[in-house]
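In terms of the working numbering, the sequence shown is residues 6 to 212.
Worksheet: the structure to be examined is printed underneath.
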Amino acid sequence: MIVYGTGYSPYVRKILVALAEKGVPYEHVPCMFHAPDAAFQAASPLGKIPAIDDDGFKLADSSAILWYLERKHPDPTLMPADAKALGRAVWFDKFGDTELFGPLVVAFRERVLKPNMMGKPCDDAAVAKSLDTDLPPLFDHLEGRIDGAFLVGDAFSIADIAIATGFYNFHLADAKIDAARWPKLAAYVDGILARPSFVTAMAARKG
């Protein structure tokens, strides 16, 4: 299997973590959005990352790829069997992608991406708005949902992958969760990011 996309992307990281959890071998081809590589464009006609080519089967979008991997490599499962638990896990996947990622990545974009890769200055006001206004309600919500090592039931799942992945970029930007204000969230994120699958996926950040 070939996985296309830069290791800095939280969405690409979702797939690398899932593959590591399932022990599926893969080749990682780092690339940015809309890269001119013909093989990548064939796998992702809209130019989005991640994308995969699995022996000729091409697919883009992190959630779609996760479901594909789950069906092809069901052990260990990343999707809860219980209907209610599965519903919650899918909800957390969407929450991570559509609600949390945007404000969570602001500090990384402004402090790391723009000055180091784009030659542009950091927008300190945007970082402050993210940290002081946009993220606290989301952190409050997650703090109230965490009741153990995992978000859904007693096993690692798609929910944990989707929620934790963006916090690695958050930490790269020297941004931290206030453990005094959100103790469960801080401990939860530290625990998930310490999993071997995340450690392996995060090592791909240079790509």
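We put the CB at the ideal spot given by N, CA and C, even for glycine.
Leaving aside the five residues that flank L74 on each side, the residues in its chain whose CB is nearer than 6 Å to its CB run, in chain order, A23. A direct Cα-Cα distance of roughly 8 Å separates G153 from Y193. The stretch 89-102 makes contact with the stretch 163-181: 3 or more CB pairs, one atom from each, lie closer than 8 Å. Here the stretch 140-147 makes no contact with the stretch 62-79; the two share fewer than three CB pairs at distances below 8 Å. Taking a C-beta distance under 7 Å as the contact criterion, A209 and G10 do not qualify as a contact pair. In this structure, the beta-carbon distance from R114 to C127 does not fall below 7 Å. DSSP links D58 through a beta bridge to I7 and K63.
When the alpha-carbon of D60 is set against those of H39, E32, S202 and N121, the nearest one is in E32. I7 is positioned such that its CB atom lies no closer than 7 Å to that of P55. For the options D42, D58, F155 and L147, the alpha carbon positioned closest to that of R186 is the one of L147. Contact annotation, I197 with A169: C-beta distance approximately 4 Å; criterion of less than 8 Å satisfied. With contacts defined as CB atoms closer than 7 Å, A69 and G158 fail to qualify as a contacting pair.
CA-CA distance, V110 to F175, rounds to 6 Å.
It is roughly 10 Å from the alpha-carbon of P35 to the alpha-carbon of V17. Boundaries of the beta strand (DSSP E) harbouring E32: E32 to V34, taken from the DSSP string. Within the same chain, H78 come within 6 Å of V29 by CB-CB distance, once the 5 residues on both sides are set aside. With contacts defined as CB atoms closer than 7 Å, K63 and A40 fail to qualify as a contacting pair. Between F172 and A184, the alpha-carbon positions lie close to 14 Å from each other. Around the C-beta of D58, 16 or more other C-beta atoms lie within 10 Å, and the residue is accordingly described as buried.
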